[in-house]
Amino acid sequence: MVLQGRRILLAVSGGIAAYKIPFLVRLLRQSGAEVRVAVTPAAETFVSPLTLAALSGQPVEQHLVLQGGGRTSWNNHVHLAEWAEALVVAPATSNTLAKAANGLCDNLVTSLVLSAKCPVFWAPAMDLDMFAYPATQRNLEVLRGMGHCVWPSPEGELASGLTGAGRMAEPEFMHRELELHFGVRSFWRNKTLLLTSGPTEEPLDPVRFLSNGSSGKMGEELAAEAELRGAKVVWVRGPLRRSDRSWTRRVRVVSVRSAAEMHAAALEALPEASVVIAAAAVADVRPAAQRHEKTPKEALTAPLELVLNDDILASLAANKKAGQWILGFALETHDGTASAQAKLRRKGADALILNMNTPETGMEADTNQVALVRRDGVEQGPLETKKTAASRILDWVEHYAANA
Ligand code: CTP
2 MVLQGRRILL AVSGGIAAYK IPFLVRLLRQ SGAEVRVAVT PAAETFVSPL
52 TLAALSGQPV EQHLVLQGGG RTSWNNHVHL AEWAEALVVA PATSNTLAKA
102 ANGLCDNLVT SLVLSAKCPV FWAPAMDLDM FAYPATQRNL EVLRGMGHCV
152 WPSPEGELAS GLTGAGRMAE PEFMHRELEL HFGVRSFWRN KTLLLTSGPT
202 EEPLDPVRFL SNGSSGKMGE ELAAEAELRG AKVVWVRGPL RRSDRSWTRR
252 VRVVSVRSAA EMHAAALEAL PEASVVIAAA AVADVRPAAQ RHEKTPKEAL
302 TAPLELVLND DILASLAANK KAGQWILGFA LETHDGTASA QAKLRRKGAD
352 ALILNMNTPE TGMEADTNQV ALVRRDGVEQ GPLETKKTAA SRILDWVEHY
402 AANA
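So this is what it looks like as structure tokens:
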């Protein structure tokens, strides 16, 4: 978990979208982050500090000066700002971001921004005209110029009833952006991963095709984990069932249907790749002839002539240049290691991920047990979620590709 133990300071200013901040706090805490929350006086009218304190498990910071019980003390915002590894201002009202862009600090939140030495992320939220107002846009530009990260304010329905740009980024988006920020690994700097995944479909006629039961789940987790680590990913993807995941610009999806299309797309992307992972369950054969009209069912009982598809992994390995590292997959039902070793030699990859087809580790399952098979050894992972298996696989890639 990339956010485990990360210290994240949330600064909340007074906009209606503040009601969503408890969801962000919960997402971050579920990912193992330590969360502290500071609010402006206006924010308290939109979200209860008690809610934020309960969800973060920490007192909520509200004032620069603490008064009560006959005592006055100074709330040391510098300590809080130094504690943070990331400062998120969400929602960021036009007022708060204007103050920060101009170096004003009349409350705890703006003082934290001016004191922060960590990366600062802004989630502007306001009505569309306020968002489009030239001074607001100029202030956002000033913040970007200071090295701060301004998250997009998507278009949509606004609290005023109007529709346009100015909504606060969703908590899930902010959570993922923080994961992407903390997940970056130096191995992937300026490196591209070429990933194939999913099944392929080999058309028989306009309505029928040959395929297999690949769910594409393992490939999707590999794409997400590589994105998280900062890789540029070219993801050549066979037809998949719908997924709600959204991807940053780091991931370029090339959708294909047949093995021939996947082969062409993968070969085209190969020159830019440092690492190749061939996770696709490519259909081994295709009908020798594709009919252009629907076949009447009576004709379907006639023997079907099939031809072998090209082996994409073998073809990528044959075209490999120095410095490229290629990982294949082998899904086996028996003699796992021996079959995978033979497959590795036959295809010319640098290593293979072996997984056995069982109810817990097969194509449909959400779990997997993977082994890395190299020419001179095998490393076995435990039964785990496909997400954790993807992380294990990329750890192996980073280790062995760096030492190749
Ligand atoms: N593969 C490929 N092109 C094919 C067939 C397989 O690129 N036409 C790749 C897969 O993406 C995987 C590896 O080869 O990385 C092994 O796939 P697998 O289906 O286990 O092996 P096959 O070569 O199909 O052998 P068999 O079905 O006989 O086990």
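Quick note: the numbering used here has the sequence shown finishing at residue 405, numbered continuously throughout. Where is the CB? At the ideal position from N, CA and C, for every residue including glycine.
Have a look at Ser49 and Val89 and give me their C-alpha separation to the nearest angstrom.
Position 48 of the sequence shown, counted from the start, is the residue given in the question as residue 49. Position 88 of the sequence shown, counted from the start, is the residue given in the question as residue 89. When the Cα atoms are used, Ser49 and Val89 turn out to be separated by approximately 18 Å.
Using 8 Å as the Cβ pair cut-off and three pairs as the minimum, do the segment 225–244 and the segment 315–322 touch?
In the pairwise beta carbon analysis, the segment 225–244 is classified as not touching the segment 315–322: fewer than three pairs are separated by under 8 Å.
Beta carbon of Arg287, beta carbon of Ser256: below 8 Å?
Residue 287 sits at position 286 when you count from the first residue of the sequence shown. Residue 256 sits at position 255 when you count from the first residue of the sequence shown. In this structure, Ser256 does not lie closer than 8 Å to Arg287 by Cβ.
Gly329 Cβ short of 7 Å to ligand 1 heavy atom set
In the sequence shown, the residue the question calls residue 329 occupies position 328. Result yes, Cβ under 7 Å from ligand 1.
When DSSP labels each residue in this structure, what does Ala303 get in the three-state scheme?
Residue 303 sits at position 302 when you count from the first residue of the sequence shown. Residue state, collapsed to three classes: coil.
Using 10 angstroms around the beta-carbon of Arg72, count the other beta-carbons present and answer buried if the total reaches 16, otherwise exposed.
Within the sequence shown, residue 72 is the residue found at index 71, counting from 1. Its Cβ having fewer than 16 others within 10 Å, Arg72 is exposed.
Integer Cβ distance of Ser116 from Ala82, believed to fall under 8 Å
As a position in the sequence shown, residue 116 is number 115, starting the count at 1. As a position in the sequence shown, residue 82 is number 81, starting the count at 1. Sure, about 4 Å apart at Cβ, within 8 Å.
Could you check the C-alpha separation between His78 and Asn356 for me, to the nearest Å?
As a position in the sequence shown, residue 78 is number 77, starting the count at 1. As a position in the sequence shown, residue 356 is number 355, starting the count at 1. Straight-line measurement puts the Cα of Asn356 at about 52 Å from the Cα of His78.
Boundaries (first-last residue) of the alpha helix (DSSP H) holding Trp397
Walking along the sequence shown from the start, residue 397 turns up at place 396. Here the alpha helix (DSSP H) through Trp397 covers 387–403.
Which word fits Gly214, buried or exposed, when buried means at least 16 other C-beta atoms lie within 10 angstroms of its C-beta?
Along the sequence shown, read from residue 1 onward, the residue named residue 214 stands at position 213. It counts as exposed.
Quick test of the definition: if touching needs 3 or more C-beta pairs under 8 Å, does the segment 187–201 touch the segment 137–154?
Contact fails: fewer than three Cβ-Cβ distances are below 8 Å.
Given that a residue counts as buried once 16 or more other Cβ atoms are within 10 Å of its Cβ, and exposed if not, what is Leu353?
If you number the sequence shown from 1, residue 353 lands on position 352. The C-beta of Leu353 has 16 or more other C-beta atoms within 10 Å across all chains shown, which makes the residue buried.
From this set, Gln370, Asn404, Ser392, which residue's C-alpha is nearest Asp351's C-alpha?
Mapped onto the sequence shown, residue 351 falls at position 350. The candidate whose alpha carbon is nearest that of Asp351 is Asn404.
Examine ligand 1 and report whether any of its heavy atoms sits within less than 7 Å of the Cβ of Asn369.
As a first step, residue 369 is located in the sequence shown; it is residue number 368 there, counting from the start. Between ligand 1 and the CB of Asn369, the shortest heavy atom gap is not smaller than 7 Å.
Whole-angstrom distance between Leu332 and Pro339, CA atom to CA atom:
Counting from one through the sequence shown, the residue named residue 339 turns up at place 338. Counting from one through the sequence shown, the residue named residue 332 turns up at place 331. Just to set this straight, residue 339 is Ala in the shown sequence, not Pro. Each residue's alpha carbon lies about 12 Å from the other.
Can you tell which of Glu86, Lys21, Arg376, Lys322 has its C-alpha closest to the C-alpha of Arg7?
As a position in the sequence shown, residue 7 is number 6, starting the count at 1. Minimum Cα distance to Arg7 is reached at Glu86.
Does any heavy atom of ligand 1 sit closer than 7 Å to the C-beta of Leu81?
For the purposes of this step, residue 81 is taken as the residue at position 80 of the sequence shown. For Leu81, the shortest separation between its Cβ and any heavy atom of ligand 1 does not lie below 7 Å.
When you compare each of Gln370, Val374, Lys388, Val143 to Gly382 by their alpha carbons, which one comes out closest?
Here the question's residue 382 lines up with position 381 in the sequence shown. Closest option to Gly382, Cα to Cα, is Gln370.
When every heavy atom of ligand 1 is checked, does at least one fall within less than 7 Å of the C-beta of Asp311?
Working through the sequence shown from its first residue, we reach residue 311 at position 310. Relative to ligand 1, the beta carbon of Asp311 is positioned inside 7 Å of a heavy atom.
Just to check my reading of the structure: Gln59 and Arg30 have Cβ atoms closer than 8 Å, yes? What is that Cβ distance to the nearest angstrom?
Numbered from 1 along the sequence shown, position 58 holds the residue referred to as residue 59. Numbered from 1 along the sequence shown, position 29 holds the residue referred to as residue 30. Not a contact, Cβ separation roughly 10 Å.
Please work out which residues of its chain come closer than 7 Å, Cβ to Cβ, to Phe188, disregarding the five sequence neighbours upstream and downstream, and give them in chain order.
Residue numbering aside, residue 188 sits at position 187 when the sequence shown is read from its first letter. Counting only Cβ-Cβ distances below 7 Å, and skipping sequence neighbours, we find Glu399, Ala403.
Roughly how many angstroms separate the alpha carbons of Val61 and Ala34, rounded to a whole number?
Here residue 61 refers to the residue found at position 60 when the sequence shown is read from its first residue. Here residue 34 refers to the residue found at position 33 when the sequence shown is read from its first residue. Each residue's Cα considered, the two are about 16 Å apart.
Could you have a look at Asp285 and say whether DSSP puts it in helix, strand or coil?
If you number the sequence shown from 1, residue 285 lands on position 284. The answer is coil: DSSP assigns Asp285 none of H, G, I, E or B.
Is any non-hydrogen atom of ligand 2 found closer than 7 Å to the C-beta of Ala44, if you look at the structure I gave you?
As presented, the structure is devoid of ligand 2, carrying ligand 1 as its sole ligands.
What does DSSP give as the partner residue(s) for Leu332 in the beta ladder?
Start at 1 with the first residue of the sequence shown, and residue 332 comes out as number 331. BP columns for Leu332 point to Asn356.
Quick one, are the C-beta atoms of Leu410 and Leu179 less than 8 Å apart?
Any question about residue 410 goes unanswered here, given that the chain covers just 2 to 405.
Inter-residue Cα distance where the pair is Lys295 and Leu141
If you number the sequence shown from 1, residue 295 lands on position 294. If you number the sequence shown from 1, residue 141 lands on position 140. Roughly 57 Å separates the two Cα atoms.
In chain order, what residues of the same chain have a beta carbon less than 7 Å from the beta carbon of Lys387, not counting five sequence neighbours either side?
Residue mapping note: residue 387 aligns to position 386 of the sequence shown, counting from 1. These residues qualify, in order along the chain: Lys218, Met219, Glu222, Asp367, Thr368, Asn369.
With Ile9 as the anchor, note down where its beta strand (DSSP E) starts and where it stops.
The count along the sequence shown starts at 1 and reaches residue 9 at position 8. Residues 8–13.
Local conformation of Gly69 per DSSP, three classes:
Looking up residue 69 in the sequence shown gives position 68. In this structure, Gly69 counts as strand in the three-state DSSP scheme.
Hey, how far is the Cα of Tyr401 from the Cα of Glu202?
As a position in the sequence shown, residue 401 is number 400, starting the count at 1. As a position in the sequence shown, residue 202 is number 201, starting the count at 1. The alpha-carbon atoms of Tyr401 and Glu202 are separated by roughly 33 Å.
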